[in-house]
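Below: one structure, written as structure tokens.
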Ligand SMILES: NC(=O)c1ccc[n+]([C@@H]2O[C@H](COP(=O)([O-])OP(=O)(O)OC[C@H]3O[C@@H](n4cnc5c(N)ncnc54)[C@H](O)[C@@H]3O)[C@@H](O)[C@H]2O)c1
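Residue numbers (our numbering): 5 to 281.
Next comes the structure, spelled out in structure tokens:
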């Protein structure tokens, strides 16, 4: 059986898909005939969005930081809906602060727990299920902040460097297993995560739908890396290979260093409150 894109429908689990990039990705994939399991720490929201999307979508509550709960969630999906073809580890938070000393230490820990350990939890548990079948794909949503450090996002950047390194490592460990590992590195995308941030004349903002189209394409093609937009990827790579002092000057000239350190007062309060719960 093929869908409108000529590909076989897959069973796809997306974490953090109650809103933002995860929801946009679920929307595109559902429109192409895939079965979507949408999980989010806000299970009610995931359930409501899944109901709006398709009869082949279902929403569940899941906190990705809980390894046992993640394993039980994936096992429940397999028993209710059949083998998982793709797990998208998308759930993430981005607390911004002028510098790391001004960040609440609890938020620093929470950032690593969700963005890095949550991705590791899901990847490990998905590998356990997929390995005996010799097929399946894990898509980990990192960031361009995972290839070059970004002022105002030190803990976030650390977590995303971790996601890139972890994904590249497991790809190498399971190279001949039939499993596929995809690392996605988005630049700024207009979700709640960008609320109140400043702009840079050299950095363009994607819509969640544009980003989701790149992720959906990687799921259908099995591509190992996706980085969008290309111009921001090139700039990030360039900054990462320049001598550190020069790279920082480039960030200052282009105002990249201001994006997450110069926040419009009040404009990010709702987002920061949501992610601290
Ligand atoms: N928006 C951007 O500019 C941008 C850029 C690069 C990478 N990303 C990455 O894309 C992913 C999605 O971000 P977004 O912009 O859509 O954010 P978002 O805040 O719009 O959505 C994130 C979702 O994750 C859920 N979530 C948070 N903690 C969770 C947990 N412990 N367990 C399960 N779900 C949890 C939230 O409830 C929310 O629905 C993140 O990993 C983020 O780091 C975003």
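Virtual Cβ for every residue (Gly too), placed ideally from N, Cα, C.
Spatial distance of residue i from residue j (CA atoms)
i           : j           : result
residue 69  : residue 213 : 27 Å
residue 122 : residue 95  : 8 Å
residue 265 : residue 271 : 13 Å
residue 120 : residue 20  : 14 Å
residue 233 : residue 208 : 8 Å
residue 261 : residue 92  : 30 Å
residue 252 : residue 153 : 10 Å
residue 105 : residue 155 : 12 Å
residue 248 : residue 242 : 11 Å
residue 226 : residue 268 : 39 Å
residue 199 : residue 141 : 31 Å
residue 53  : residue 72  : 25 Å
residue 56  : residue 256 : 44 Å
residue 206 : residue 238 : 11 Å
residue 150 : residue 162 : 7 Å
residue 185 : residue 90  : 10 Å
residue 228 : residue 175 : 9 Å
residue 204 : residue 231 : 19 Å
residue 51  : residue 110 : 29 Å
residue 131 : residue 173 : 13 Å
Residues near residue i in its chain [Cβ-Cβ closer than 7 Å; skip 5 each side]
i           : result
residue 246 : 254
residue 118 : 68, 69, 95, 96 and 97
residue 81  : 17, 41 and 88
residue 107 : 99, 101 and 159
Pair within 8 Å by beta-carbon distance, residue i and residue j
i           : j           : result
residue 215 : residue 170 : no
residue 74  : residue 126 : yes
residue 15  : residue 85  : yes
residue 194 : residue 259 : no
residue 274 : residue 99  : no
residue 210 : residue 134 : no
residue 240 : residue 157 : no
residue 36  : residue 60  : no
residue 58  : residue 28  : no
Cβ shell of residue i (< 6 Å), same chain only, five flanking positions each side left out
i           : result
residue 159 : 112 and 115
residue 49  : 22
residue 129 : 74, 75 and 78
residue 146 : 164, 167, 168, 187 and 189
residue 65  : 47
residue 223 : 90
residue 45  : 67
Beta-carbon proximity list for residue i, same chain, < 8 Å, skipping 5 on both sides
i           : result
residue 278 : 196
residue 25  : 94, 145, 190, 193, 195, 212, 215, 216 and 219
residue 138 : 181, 182 and 183
residue 244 : 151, 152 and 251
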